[in-house]
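Those sequence lines, one after another, are chains X and S. By the count of my numbering, the first sequence reaches residue 451 at its end, each step adding exactly one. By the count of my numbering, the second sequence reaches residue 700 at its end, each step adding exactly one. Inspection log for the structure reproduced underneath, given as structure tokens.
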Amino acid sequence: MSVAVLAAPVQVIRIASPDLSAGAKPFSGTNTVSLTHIRGALEKEFAKDGIKIEWSFFKGAGPAVNEAFANHQIDFAYLGDLASIIGRAGGVPSRLLLAVRGSNTYLGVPPDSSITSLKDLKGKRVALFRGTADELAFGRSLAQAGLSEHDLQIINLDWTAARAALASHQVDAAWQSAALLILRDRGQIKVPLSTKQAKNRQVTTQAGLVGTDEFISAHPDLTQRLINVLVAQAQWASEPAHRDELQKLLADQGSLPLALVQGEFDGDDWRFRFDPRLDDFIAVSYTDSVAMAKSIGLIRRSYDVRAWLEPRFVEQAITVQGSQNYWPAYDAAGVVSKH
Amino acid sequence: MSLTSLVATNPRPAAVSQKPRRRWLCRLNKFLVAAQAWLLPLFLFFLWRLAAAHTWMAPQILPEPSLVFDTAVEMAGNDLGSHVLISLSRLMLALVPGVCLGLALALLLALNRNAQRLLAPVLALWAQVPNLALIPVLMVFLGIGDSLKIAIILNAAVIPMLVHAQAGLRDVPLQLRETARVLRLSFWLRLTRLYLPAALPSIMTGLRLSLSAAWTSLVVVELLASSEGIGYLMVWGRQMFQLDIVFVCIALIGALGLCMELGLQWLDQRVVRWPRPVLTRHALRTLRGGAWPWLLPALLLLGWWTATRLSWVDLHTVPAPLAVWQALQHGLIDGSLSAAMQHSLTRYAQGLAWGIAAGLSLGLCCALSAGLGRLLSPTLGVLRHIVIFSWLPLLTAWAGTGEAARILFIAIASFFPMFVATQRGVLNVSPQLLEAARVMRLGRRKTLRWLLLPGAASSIFAGLRLALMYGWLATIGAEYFMASSIGIGSLMINAQQLMNVDVIFAGMMLVSFTGAALNLLGQYLEHQLQGWRHT
């Protein structure tokens with residue numbers, strides 16, 4: 113099999129991603145991969161070799177992307193932490209190549225609610241989409257507040273159903289990603305807290321680009337060029353001067369209100385969000401996620417995260433571009449560490 | 166003694182006494198006939214083992230039978246039983262009233278012309294409303310508990326019963342109706358001695374399809390605010406990339422479906438004792454004209470307008486009619502709605518063509534060849550209950566993630582009602598006529614052309630109407646469950662993401678009206694091809 117792959121020249125690189133668009137254009141979210149897709153940077157890089165880039169987008173991504181991986185229908189995918197963990201634990205031979213970090217999750221409550229902190233959630237009905245990255249983020253946030261899921265009544269609802277249930281007062285609160293801010297901007301709910309308030313950035317959701325072992329080992333050169341492009345885009349995005357342009361690009365592509373994209377980034381460490389490295393913070397976060405997923409029964413087998421990470425491409429790209437000192441060193445809590 | 170038996174006194178040709186055979190030979194023969202039903206499942210099972218052993222497909226997508234078995238044992242040791250009980254109770258709580266409602270509506274429409282004028286257009290529209298879009302609205306009124314789930318399953322179970330019972334009631338021979346009128350039978354007597362018995366074969370077909378529709382929506386519904394039930398387990402298994410759990414659920418739903426199918430067969434043999442009526446001309450003519458059909462829609466529109474105007478409902482959940490109209494106009498002018506619609510319809514037409522062609526031909530083959538029928542129909546009867554959703558991983562493995570998979574999805578959805586209706590329709594053709602054909606030595610082709618197809622037409626068209634409907638629902642579903650693409654379903658999901666209720670409603674209207682138009686098309690086709698019955 114691998115011999116055949118080696119022999120055949122690559123004509124197309126297949127990349128999958130969740131589709132978070134609210135309009136006609138597919139949209140991968142507020143991250144480096146999305147920016148790369150919007151700007152067609154990979155297409156430009158590989159056009160000279162006649163290699164096409166084939167993007168496929170999935171609504172409710174995790175399961176479909178992992179199935180596509182198992183069916184050998186894609187080479188790379190942008191996935192949230194839990195989805196890629198579920199895939200790897202389920203036997204998809206993959207490696208994590210590049211990180212995107214610090215996506216926030218939010219608590220939404222009705223406008224007349226008295227809930228202001230996580231402690232107030234005791235005994236309340238909270239909508240959460242189980243089996244997604246939200247569950248891990250919520251679990252971590254609860255743990256930091258000294259609570260556990262058993263202290264409240266979790267109602268398993270997908271994102272749109274949860275927003276509908278919250279808007280019609282069927283639940284006391286809902287925990288999910290930035291899409292919740294749409295309701296806040298219309299005055300239908302308020303958002304008393306989110307992962308932004310936590311000092312320890314481990315409560316946020318991490319994500320990354322995952323590639324198949326098969327492709328990486330057969331075409332390390334192409335993989336390196338792909339990561340080079342992504343790292344260059346990450347550096348462009350990390351530059352605070354590009355902030356407005358970036359937010360507008362993302363909002364346009366996703367047909368989302370600009371305020372929603374701004375709300376997601378508001379007050380966050382800009383460079384942290386787009387730091388592509390597979391550093392200690394990422395390793396600790398994914399290791400903890402694997403342990404959590406195992407303990408709540410989301411995966412059957414845990415695995416060694418540090419062996420799963422493949423940082424050499426991203427390190428090489430940073431060296432080639434001379435950006436060794438561009439991103440500060442972050443410690444395991446995601447705070448700039450002083451040496 | 167039922168009235169229907171006046172038409173023909175000999176229900177089935179009496180068994181011609183054959184040469185005396187030894188009893189065990191007879192038994193062996195019986196056993197062999199029964200065993201045929203197991204040939205296909207056995208073959209599929211060996212194919213599965215072979216495919217898993219040679220890893221023709223990724224083990225994550227097609228797990229080994231032994232792993233599935235182990236998982237089943239492990240799940241049975243945990244709480245599989247309670248999941249099954251919960252699902253079954255939801256199913257029954259919705260199916261029983263749903264079937265009764267469908268039957269009652271069919272009776273009302275068949276027996277009361279004003280009711281037909283009044284309700285038929287609204288029901289035709291209602292049948293097409295995609296559940297997924299309705300959920301936020303229903304949530305306001307029903308909460309997120311079991312009543313929401315049951316309402317959605319019930320809604321799905323009503324339609325097949327309604328369509329088939331309507332077709333059956335329409336086919337009650339005119340002579341019998343006249344006889345009943347001359348005899349001045351009371352309404353109750355007419356109902357229990359004439360209409361119900363005469364329409365019973367169709368009602369049984371409707372019951373079969375209602376059952377599968379209920380199973381299908383059970384899975385969709387258990388996605389919602391649920392942490393128990395087989396549907397939930399199945400979705401959870403897929404989400405956790407543990408497809409062995411999905412396979413256990415498929416097997417379980419298959420087994421339960423088989424039990425129910427056997428129960429229905431038993432019921433069929435017990436209650437349908439009357440001879441198959443010979444098709445005569447239609448007793449009910451299609452009703453046309455007048456303001457009647459517009460009355461109820463107008464009232465509903467008025468109610469909607471008033472409710473939003475006086476803010477009885479939250480405008481964020483139920484938009485004002487005017488806002489929906491504007492969203493519709495806007496979407497048609499800037500081309501977003503029309504382009505989405507065009508993509509969906511193209512996809513639909515292709516999937517439908519495949520599904521109907523396959524359903525019609527296979528249904529016909531299974532009815533004509535007893536051997537093939539025994540070989541295929543039990544397996545297909547079980548597969549029918551298993552939601553297409555659960556095949557998605559396999560479907561995408563074979564057909565990719567692109568357009569082909571979506572078309573296959575639609576084709577499968579429209580295949581089953583077509584298959585069942587065709588097979589049952591042909592099997593329900595009066596045996597006297599068949600005997601007559603045999604006596605007259607009509608060839609196979611002539612029998613098919615002049616007897617079987619016209620005789621089964623009523624059922625086939627009822628199946629076609631359901632196929633049109635399910636194909637359309639699957640078109641919307643395919644855009645929801647598979648890789649995103651342009652289409653009316655995607656458009657509504659996107660609008661849902663931003664909670665743009667006016668766009669959701671505009672899409673819903675467009676989907677319903679398109680569905681209703683397709684339904685009209687089906688009726689028109691039926692009218693044209695059954696012209697001989699309107700003399």
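Quick reminder that beta carbons are idealized off the backbone N, C-alpha and C, glycines included.
Please list the partners that N143/X has in chain S, where partner means a Cβ-to-Cβ separation under 8 Å.
Residues of chain S passing the Cβ test: none, with the nearest at roughly 18 Å.
List, in order along the chain, the chain S residues whose C-beta lies closer than 8 Å to that of L295/X?
What L295/X touches in chain S: M664.
Please state if the CB of M404/X and the CB of L230/X are separated by a distance shorter than 7 Å.
Against a cut-off of 7 Å, the Cβ pair of M404/X and L230/X comes out as no contact.
Below-7 Å beta-carbon distance, A562/S vs any chain X residue
Contacts with chain X at 7 Å (Cβ-Cβ) include A562/S.
Near-chain X residues of the stretch 287-308 of chain S - C-beta to any C-beta below 8 Å:
Of all residues in the stretch 287-308 of chain S, I300, P301, M304, V305 and G308 have a Cβ within less than 8 Å of some Cβ in chain X.
Which whole runs of the alpha helix (DSSP H) in the stretch 251-282 of chain X are 4 residues long or more, in chain order?
Annotation note: the stretch 251-282 of chain X contains the following uninterrupted alpha helix (DSSP H) runs of length 4 or greater, listed N- to C-terminal: 271-279.
Thinking L194/X and A245/X are a contact (beta carbons under 8 Å), I'd like their distance in whole angstroms, please.
Their Cβ separation, rounded to whole angstroms, is 5 Å, which keeps L194/X and A245/X in contact under 8 Å.
Interface partners of Q145/S on chain X, CB under 8 Å:
Here chain S comprises residues numbered 166 to 700, so residue 145/S is not present and cannot be evaluated.
With distances taken Cα to Cα, identify the nearest neighbour of S579/S among I572/S, L618/S, A632/S and I551/S.
Out of I572/S, L618/S, A632/S and I551/S, A632/S has the C-alpha closest to the C-alpha of S579/S.
Would L294/S and S655/S be called neighbours here (beta carbons separated by less than 7 Å)?
Note on identity: in this sequence residue 294/S is Val, with Leu being the wrong assignment. Between V294/S and S655/S, the CB-CB gap reaches or exceeds 7 Å.
From the DSSP secondary-structure annotation, give me the bridge partner or partners of K164/X.
Residue pairing from DSSP places K164/X in a beta bridge opposite V124/X.
Residue from C531/S, R214/S, P362/S and L354/S whose Cα sits closest to the Cα of R589/S
With distances taken between Cα atoms, R589/S lies closest to C531/S.
Quick one: what's got a C-beta closer than 6 Å to I641/S's C-beta in the same chain, skipping five residues either side?
Contacts found: P295 and G654.
Got a sec, what are the start and stop residues for the alpha helix (DSSP H) W420/X sits in?
Here the alpha helix (DSSP H) through W420/X covers V417 to W420.
Need the endpoints of the alpha helix (DSSP H) that C423/S sits in, please.
Cys is not the amino acid found at residue 423/S; the sequence shown has Leu there. Following the DSSP letters along the chain, one finds L423/S inside the alpha helix (DSSP H) bounded by residues L408 to V436.
With a cut-off of 7 Å, does the C-beta of P222/X fall near any C-beta of chain S?
No, P222/X lies away from the interface with chain S (no Cβ there is under 7 Å from its Cβ).
Does the stretch 180-200 of chain X come close enough to the stretch 295-313 of chain X that 3 or more CB-CB pairs lie under 8 Å?
The stretch 295-313 of chain X is not in contact with the stretch 180-200 of chain X.
Where Q185/X meets chain B, residues with beta-carbon distance less than 9 Å:
Of the protein chains in this structure, namely X and S, none is chain B.
Taking D387/X as the reference, which of L295/X, G214/X and S253/X has the closest Cα?
The shortest C-alpha separation from D387/X is found at G214/X.
So, using beta-carbon positions, are A201/X and I411/X closer together than 7 Å?
Cβ distance < 7 Å, so A201/X and I411/X count as in contact.
Determine the closest residue to D378/X out of K308/X, Q345/X and R296/X, with distance taken between C-alpha atoms.
Closest option to D378/X, Cα to Cα, is K308/X.
For the stretch 478-495 of chain S, which residues have a beta carbon sitting closer than 8 Å to at least one beta carbon of chain X?
So the close ones are D479, H481 and T482.
Contact check, V552/S vs T357/S under 8 Å by CB: the rounded distance?
Cβ-Cβ separation between V552/S and T357/S: approximately 36 Å, too far for a contact (criterion under 8 Å).
F188/X versus P130/X - alpha carbon distance
C-alpha separation (whole angstroms): 12 Å.
Under 8 Å Cβ to Cβ from G419/S, same chain only, skipping five residues before and after it: list those, please.
If we look at G419/S and ignore the five residues flanking it on each side, its Cβ neighbours are V547, L548, H550 and I551.
Can you pull the chain X neighbours of Q404/S, defined as C-beta to C-beta under 7 Å?
Here the neighbours are G174, P175 and G243.
Applying a beta-carbon distance threshold of less than 9 Å, which residues of chain X neighbour N243/S?
Correct list: empty, because the minimum Cβ distance to chain X is about 11 Å.
Following the continuous beta strand (DSSP E) through G546/S, name the residue where it begins and the one where it ends.
No beta strand (DSSP E) contains G546/S, which is instead part of the alpha helix (DSSP H) from A535 to L548.
Where R255/S falls, given that 16 or more other Cβ within 10 Å makes a residue buried:
Classification for R255/S: buried.
Kindly identify the DSSP beta-bridge partner or partners of Q288/X.
As DSSP reads the structure, Q288/X sits in a beta bridge with Y218/X.
Is there a Cβ of chain S sitting closer than 7 Å to that of N268/X, yes or no?
Yes, N268/X lies at the interface with chain S (some Cβ there is under 7 Å from its Cβ).
Take L617/S and list the residues in its own chain whose beta-carbon comes closer than 7 Å to its own, dropping the five residues that flank it on each side.
The beta carbon of L617/S sits closer than 7 Å to those of V591 and V594, all from its chain and outside the five residues before and after it, given in chain order.
Use the C-beta contact count for M257/S: other C-beta atoms within 10 angstroms, 16 or more gives buried, fewer gives exposed.
Its Cβ having fewer than 16 others within 10 Å, M257/S is exposed.
Does any residue of chain X have a CB that is nearer than 7 Å to the CB of P228/S?
Not a single CB atom of chain X sits nearer than 7 Å to the CB of P228/S.
For the putative contact between G637/S and G680/S, defined by C-beta atoms under 8 Å, what is the C-beta separation to the nearest angstrom?
According to the sequence provided, residue 637/S is Trp. The question's Gly does not apply to it. Confirmed, Cβ separation roughly 5 Å.
Segments of 3+ residues assigned as beta strand (DSSP E) that fall wholly inside the stretch 324-365 of chain S:
Segments of the beta strand (DSSP E) lying fully in the stretch 324-365 of chain S: there are none.
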